[in-house]
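Structure first, commentary second.
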Amino acid sequence: MPVVKSIEELKRLREEALTKRQLQATGGRAQITVYMGTCGIAAGARDTMKAILDTIEAENVRDVIVKQTGCIGLCEQEPLVEVQLADTPPVRYGHVSAERAARIVKEHVIGGKIVDELVVPE
Amino acid sequence: MRYYRSHVMVCTSPQCVDKGARTLMKRLQEELAAQGLADEVAVLETPHIGDCANGPEIMVYPDRVHYAGLTLEDLPSLVEEYFKKGRVVTRLLSQFRPPVDKELGPPKPKEVRVVLRNCGKIDPENIEDYIAEDGYQALAKVLTEMTPEQVIEEILASGLRGRGGAGFPTGRKWQFCRAAAGSPKYVVCNADEGDPGAFMNRRVLEGDPHSVIEGMIIAAYAIGASYGYIYCRAEYPIAVRTLREAIRQAREYGFLGQNILGTDFSFDLEVRMGAGAFVCGEETALMASIEGKRGHPRTRPPFPAVSGLWGKPTNINNVESYAVVPQIILKGSAWYASMGTATSKGTKTFALAGDVNNTGLIEVPFGITMREIIYDVGGGIKGGKGFKAVQTGGPMGGCLPAAYLDVPVDYESLTSAGSIMGSGGMVVMDEETCMVDIARFFMEFIQDESCGKCIPCRVGTRHLLEILERICAGLGKPDDIEELEHLSSLIRRSSLCGLGQGAPNPVVTTLRHFRSEYEAHIYDKRCPAKVCRALIRYEIDPAFCTGCTLCARNCPVNAISGERRQPHTINQELCTRCGICKQVCKFDAVTVS
Numbered sequence: 033m034p035v036v037k038s039i040e041e042l043k044r045l046r047e048e049a050l051t052k053r054q055l056q057a058t059g060g061r062a063q064i065t066v067y068m069g070t071c072g073i074a075a076g077a078r079d080t081m082k083a084i085l086d087t088i089e090a091e092n093v094r095d096v097i098v099k100q101t102g103c104i105g106l107c108e109q110e111p112l113v114e115v116q117l118a119d120t121p122p123v124r125y126g127h128v129s130a131e132r133a134a135r136i137v138k139e140h141v142i143g144g145k146i147v148d149e150l151v152v153p154e
Numbered sequence: 116m117r118y119y120r121s122h123v124m125v126c127t128s129p130q131c132v133d134k135g136a137r138t139l140m141k142r143l144q145e146e147l148a149a150q151g152l153a154d155e156v157a158v159l160e161t162p163h164i165g166d167c168a169n170g171p172e173i174m175v176y177p178d179r180v181h182y183a184g185l186t187l188e189d190l191p192s193l194v195e196e197y198f199k200k201g202r203v204v205t206r207l208l209s210q211f212r213p214p215v216d217k218e219l220g221p222p223k224p225k226e227v228r229v230v231l232r233n234c235g236k237i238d239p240e241n242i243e244d245y246i247a248e249d250g251y252q253a254l255a256k257v258l259t260e261m262t263p264e265q266v267i268e269e270i271l272a273s274g275l276r277g278r279g280g281a282g283f284p285t286g287r288k289w290q291f292c293r294a295a296a297g298s299p300k301y302v303v304c305n306a307d308e309g310d311p312g313a314f315m316n317r318r319v320l321e322g323d324p325h326s327v328i329e330g331m332i333i334a335a336y337a338i339g340a341s342y343g344y345i346y347c348r349a350e351y352p353i354a355v356r357t358l359r360e361a362i363r364q365a366r367e368y369g370f371l372g373q374n375i376l377g378t379d380f381s382f383d384l385e386v387r388m389g390a391g392a393f394v395c396g397e398e399t400a401l402m403a404s405i406e407g408k409r410g411h412p413r414t415r416p417p418f419p420a421v422s423g424l425w426g427k428p429t430n431i432n433n434v435e436s437y438a439v440v441p442q443i444i445l446k447g448s449a450w451y452a453s454m455g456t457a458t459s460k461g462t463k464t465f466a467l468a469g470d471v472n473n474t475g476l477i478e479v480p481f482g483i484t485m486r487e488i489i490y491d492v493g494g495g496i497k498g499g500k501g502f503k504a505v506q507t508g509g510p511m512g513g514c515l516p517a518a519y520l521d522v523p524v525d526y527e528s529l530t531s532a533g534s535i536m537g538s539g540g541m542v543v544m545d546e547e548t549c550m551v552d553i554a555r556f557f558m559e560f561i562q563d564e565s566c567g568k569c570i571p572c573r574v575g576t577r578h579l580l581e582i583l584e585r586i587c588a589g590l591g592k593p594d595d596i597e598e599l600e601h602l603s604s605l606i607r608r609s610s611l612c613g614l615g616q617g618a619p620n621p622v623v624t625t626l627r628h629f630r631s632e633y634e635a636h637i638y639d640k641r642c643p644a645k646v647c648r649a650l651i652r653y654e655i656d657p658a659f660c661t662g663c664t665l666c667a668r669n670c671p672v673n674a675i676s677g678e679r680r681q682p683h684t685i686n687q688e689l690c691t692r693c694g695i696c697k698q699v700c701k702f703d704a705v706t707v708s
């Protein structure tokens with residue numbers, strides 16, 4: 033760790049520490065889970081994941097948790113993505129391509145409106 | 116800024132670095148890049164996670180998955196399984212669970228947390244956490260924007276008074292020390308918390324050590340000192356360990372050592388452990404102990420500010436006084452002075468103990484009444500019983516009766532009531548407490564801890580204890596009260612240090628506020644609170660006794676006899692007044708008189 037030699041350095045260190053602190057805080061406005069079993073990855077889940085991260089970055093949202101998980105047996109619907117806004121039940125989307133992923137982030141995660149036509153029927 | 120879905124914190128404590136944390140971190144980054152995850156997962160350093168003993172360790176957010184004991188061979192499969200496919204690799208999980216803080220819950224009603232603001236909130240072994248909470252910002256402000264005189268002015272204006280108990284204005288102390296001739300100068304932190312049941316300072320040292328260190332550095336700058344000592348008792352091993360780690364990290368970041376923050380101010384400090392003698396909390400005895408001598412007090416003046424450690428000007432403050440300094444500098448003296456009363460500013464921590472519902476550590480602004488502390492913060496007396504007295508200031512403090520419940524708590528009001536602020540012990544006693552017995556209890560402690568250097572304290576406290584023991588044993592003599600008063604006055608006036616001068620306080624205050632209890636013991640051979648064994652007798656009320664034999668079977672000295680289903684009786688010759696029969700009786704047939 034570099035020795036702090038000036039107030040500016042201390043301020044920068046504080047910003048960094050605050051960012052790390054934020055990372056540790058659980059919660060946030062939404063949690064997005066990408067299903068990344070072998071089937072998901074084969075169907076292109078990795079591109080979906082990248083599209084989600086890129087959209088979040090482009091939209092400058094900070095309080096979204098992006099997680100990944102394994103196969104849940106709906107392999108024909110892969111890539112699967114689940115979105116859960118705080119205090120609401122999770123919504124599962126199927127055949128989420130990169131473009132669809134971007135749309136889900138903008139409309140559901142940020143806009144708060146479920147993208148009905150992409151939801152996997154129960 | 117790039118948005119990462121996951122952040123990996125790699126512990127870079129010396130222990131983990133020793134076990135290869137740096138190489139591991141580099142290889143982890145390479146492996147993530149090789150598997151195409153470099154722009155999804157960020158790798159950062161952190162000074163502490165907790166399982167260094169099984170290092171190297173990493174913590175992954177937001178999942179809060181903690182891996183330890185990693186080797187380079189583990190990395191490819193860990194990245195593949197966990198970072199790519201999201202499957203937690205259970206065999207690499209750390210077994211470490213962070214300790215749960217049971218001592219300090221969320222603030223209770225009417226509490227104001229200033230000194231305790233970070234306790235339980237930040238990781239005390241991670242300096243970054245303290246920095247995130249504005250840590251060392253006050254130091255930066257002081258070193259770059261303020262002259263030492265301005266710092267002292269600010270502390271003077273805040274009205275901060277010594278939290279060790281005597282309440283001497285901290286700014287004045289610094290002024291004296293700055294003005295004193297001699298070099299080098301020292302700053303000392305008195306962390307020899309010895310009052311039975313008090314743990315305010317331990318909590319700060321264990322929960323927020325950097326606030327004390329930062330306060331000491333600022334004090335050193337203000338008075339022109341170059342070296343410091345924290346004198347902490349050896350009975351606080353966790354506090355000592357936490358402090359040492361905090362000092363190490365502060366040095367690493369350049370807050371201690373040569374040319375702090377790029378200025379020409381240099382300062383360093385170390386922890387010295389005390390061996391647990393109560394008298395070493397007295398400042399002159401404390402300094403003797405740091406010097407390696409026997410912990411005996413000496414006469415003042417000269418005060419430490421003029422002639423302290425090794426005869427050099429030395430500033431001694433309590434843990435709590437130093438801990439609050441950074442906040443006064445950052446938020447301003449006016450902010451601090453806005454809390455409290457005309458003469459006692461700010462907040463004070465207390466260790467609330469005894470017969471209240473919420474015992475534990477509290478922090479309240481000065482000026483709050485004892486009634487608010489006991490009934491609002493403390494949640495009232497246990498079992499809905501009546502209040503009898505509250506003992507403040509540790510063993511050399513005094514007991515205050517119900518008449519003082521509505522007096523605002525500050526240095527002056529407690530002193531005028533015959534007690535002291537002390538370092539913040541507060542013992543609440545309900546109506547079933549015998550005040551003569553309490554005086555005897557505290558005198559036993561003081562007599563035990565008297566260092567023996569001066570005669571009034573060594574012999575006087577012993578004599579006070581003997582009289583009190585006699586009174587409790589039912590052998591009190593008519594002139595005992597006068598003898599106690601005379602002796603107390605002698606000890607107070609002629610003892611060498613604060614321990615001896617304060618020693619008679621428990622006797623003097625109980626005599627002043629509860630004199631009738633002494634008289635009942637001496638003249639009527641009666642203990643009104645039914646505590647002193649020699650003065651009470653247990654009896655069985657035949658009207659309630661069902662002859663169940665439970666008491667007879669539980670009596671350790673076989674003093675109870677009687678036929679089954681017939682009222683029992685207690686043989687007073689054999690009875691030791693242990694009270695077990697009263698505890699076990701299901702029919703409330705055992706009475707005390």
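If you read the sequences in order, they're chains A and B. Residues 33 to 154, numbered by the working numbering, are exactly what the first sequence covers, in order. Residues 116 to 708, numbered by the working numbering, are exactly what the second sequence covers, in order. Note that CB positions come from ideal geometry on N, CA and C, so glycine has one too. All figures in this text were calculated on a predicted structure; none of them were measured in a lab.
TODO: Taking all protein chains shown into account, decide if K640/B is buried (16 or more other Cβ within 10 angstroms of its Cβ) or exposed.
DONE: For this step, residue 640/B is matched to residue 525 along the second sequence. Exposed: under 16 other Cβ atoms inside 10 Å.
Open item on the list: If I follow the unbroken alpha helix (DSSP H) through T399/B, where does it start and stop?
Closed with: Here residue 399/B is taken as the residue at index 284 of the second sequence, counted from 1. Residues 398 to 405.
Task: Beta-carbon proximity list for Y336/B, same chain, < 7 Å, skipping 5 on both sides - done: Taking the second sequence and counting its residues from 1, the one referred to as residue 336/B is at position 221. So the list reads V257, L258, P263, V266, F380, once near-sequence residues are dropped.
Open item on the list: Does the stretch 268 to 276 of chain B come into contact with the stretch 350 to 357 of chain B, if we say contact requires no fewer than three beta-carbon pairs (one atom in each stretch) closer than 8 Å?
Closed with: no
Task: Within-7 Å CB hit, K141/B to chain A - done: Within the second sequence, residue 141/B is the residue found at index 26, counting from 1. False, the Cβ-Cβ gap to chain A never drops below 7 Å.
Open item on the list: 7 Å is my cut-off, CB to CB: does R137/B come that close to chain A?
Closed with: On the second sequence, position 22 is the one that residue 137/B refers to. Chain A contact via Cβ: absent.
Task: Buried/exposed call for Q100/A, threshold 16 Cβ in 10 Å - done: Translated into positions along the first sequence, residue 100/A becomes position 68. It is buried - the Cβ of Q100/A has at least 16 other Cβ atoms within 10 Å.
Task: Given 8 Å, three or more beta-carbon pairs between the stretch 478 to 498 of chain B and the stretch 596 to 603 of chain B - done: The stretch 478 to 498 of chain B, when compared against the stretch 596 to 603 of chain B, does not touch it at the 8 Å Cβ threshold.
TODO: Using a Cβ cut-off of 9 Å, pull out every chain A residue sitting near Q252/B, in sequence order please.
DONE: Position 137 of the second sequence, counted from the first residue, corresponds to residue 252/B. Residues of chain A passing the Cβ test: I39, L42, K43, R46.
Open item on the list: As an exercise, report each continuous beta strand (DSSP E) stretch of at least 3 residues that is fully enclosed by the stretch 582 to 658 of chain B, in chain order.
Closed with: 653 to 655
TODO: Going by DSSP, name the residue or residues bridged to T464/B.
DONE: Residue 464/B sits at position 349 when you count from the first residue of the second sequence. Its beta-bridge partners are E478/B.
Open item on the list: Distance cutoff 7 Å, beta carbons only. Does K200/B sit that close to anything in chain A?
Closed with: Translated into positions along the second sequence, residue 200/B becomes position 85. At least one chain A Cβ lies under 7 Å of K200/B.
Task: Three-state class that DSSP yields for M511/B in the structure shown - done: Locating residue 511/B in the second sequence gives position 396, where the first residue counts as 1. M511/B falls in the helix class under three-state DSSP.
- [ ] State the start and end residues of the unbroken alpha helix (DSSP H) segment that holds T378/B.
- [x] Numbered from its first residue, the second sequence carries residue 378/B at position 263. T378/B -> no alpha helix (DSSP H), and no H or E assigned at all.
- [ ] Give the residues from the stretch 95 to 109 of chain A that approach chain B closer than 9 Å (Cβ to any Cβ), ordered along the chain.
- [x] V96, I97, V98, K99, Q100, T101, G102
Task: Short-range partners of chain A found in the stretch 332 to 360 of chain B, where Cβ spacing is below 9 Å - done: none
- [ ] Note down, in chain order, each residue of its chain lying with its Cβ closer than 7 Å to the Cβ of L605/B, except the 5 sequence neighbours on either side.
- [x] On the second sequence, residue 605/B is found 490 positions in, with the first residue counted as 1. Cβ within range, chain order: P571, G575.
- [ ] Specify the secondary structure class of A157/B as computed by DSSP and reduced to three states.
- [x] Here residue 157/B refers to the residue found at position 42 of the second sequence. The answer is strand: DSSP assigns A157/B an E or B state.
TODO: May I have the straight-line CA-CA distance separating E329/B from C234/B, to the nearest angstrom?
DONE: In the second sequence, residue 329/B corresponds to position 214, counting from 1. In the second sequence, residue 234/B corresponds to position 119, counting from 1. Looking at the two C-alpha atoms, the distance is approximately 16 Å.
TODO: Determine which residues of the stretch 513 to 537 of chain B have a Cβ less than 8 Å from any Cβ of chain A, and write them out in chain order.
DONE: The stretch 513 to 537 of chain B vs chain A, Cβ under 8 Å: nothing.
TODO: Indicate whether M550/B and F629/B have their beta-carbon atoms separated by less than 7 Å.
DONE: Here residue 550/B refers to the residue found at position 435 when the second sequence is read from its first residue. Here residue 629/B refers to the residue found at position 514 when the second sequence is read from its first residue. Yes. Within cutoff.
Open item on the list: Could you check whether the Cβ of R212/B sits closer than 7 Å to any Cβ belonging to chain A?
Closed with: One-based indexing of the second sequence puts residue 212/B at position 97. So, not an interface residue.
Open item on the list: Does R179/B come out as helix, strand or coil in the three-state DSSP assignment?
Closed with: Taking the first residue of the second sequence as 1, we reach residue 179/B at position 64. DSSP, read as helix, strand or coil, puts R179/B in coil.
Task: Contacts around I333/B, its chain only, beta-carbon distance under 8 Å, and the 5 residues preceding and following it disregarded - done: The residue labelled residue 333/B in the question sits at position 218 within the second sequence. Around I333/B: A253, L254, V257, V266, V440, P441, I444.
TODO: Output the residue ranges of the alpha helix (DSSP H) runs that lie fully inside the stretch 75 to 142 of chain A and measure 4 residues or longer, sorted by chain position.
DONE: 77 to 91, 130 to 136
TODO: With 8 Å as the C-beta to C-beta threshold (strictly closer), list the residues of the stretch 159 to 171 of chain B near chain A in chain order.
DONE: L159, E160, T161, P162
Task: 3-residue-minimum beta strand (DSSP E) runs that sit fully inside the stretch 539 to 590 of chain B, ordered along the chain - done: 540 to 545
- [ ] At 8 Å on the CB atoms, spell out the chain A contacts of F370/B, in chain order.
- [x] Residue numbering aside, residue 370/B sits at position 255 when the second sequence is read from its first letter. Neighbours of F370/B on chain A, chain order: V36.
Task: Contacting residues, own chain, Cβ-Cβ under 7 Å from S448/B (five flanking each side not counted) - done: Residue 448/B sits at position 333 when you count from the first residue of the second sequence. E269, A272, S273, listed in sequence order.
Open item on the list: Any C-beta of chain A within less than 9 Å: which residues of the stretch 551 to 583 of chain B qualify?
Closed with: none
Open item on the list: Under 9 Å, CB to CB, which of the residues in the stretch 117 to 132 of chain B have a partner in chain A?
Closed with: R117, Y118, Y119, R120, S121, H122, M124, T127
TODO: Could you spell out where the alpha helix (DSSP H) holding S528/B opens and where it closes?
DONE: Taking the first residue of the second sequence as position 1, residue 528/B is located at position 413. S528/B -> alpha helix (DSSP H) spans 526 to 531.
Task: Neighbour flag for L117/A against chain B, beta carbons, 7 Å - done: Against the first sequence, residue 117/A aligns to sequence position 85. It does not; no Cβ of chain B falls within 7 Å.
Task: Own chain, CB closer than 7 Å to H683/B, minus 5 neighbours either side, in chain order - done: Translated into the one-based positions of the second sequence, residue 683/B becomes position 568. Result list for H683/B: I655, C660, G662, C666, A667, I675, S676, G677, in chain order.
Task: Residue-chain proximity (C50/A, chain B), Cβ-Cβ < 7 Å - done: Indexing the first sequence from 1 puts residue 50/A at position 18. Looking at the sequence provided, one finds Leu at residue 50/A rather than Cys. It does; some Cβ of chain B falls within 7 Å.
Task: N316/B, enclosing alpha helix (DSSP H) - first and last residue - done: Against the second sequence, residue 316/B aligns to sequence position 201. Note, N316/B: alpha helix (DSSP H), 315 to 322.
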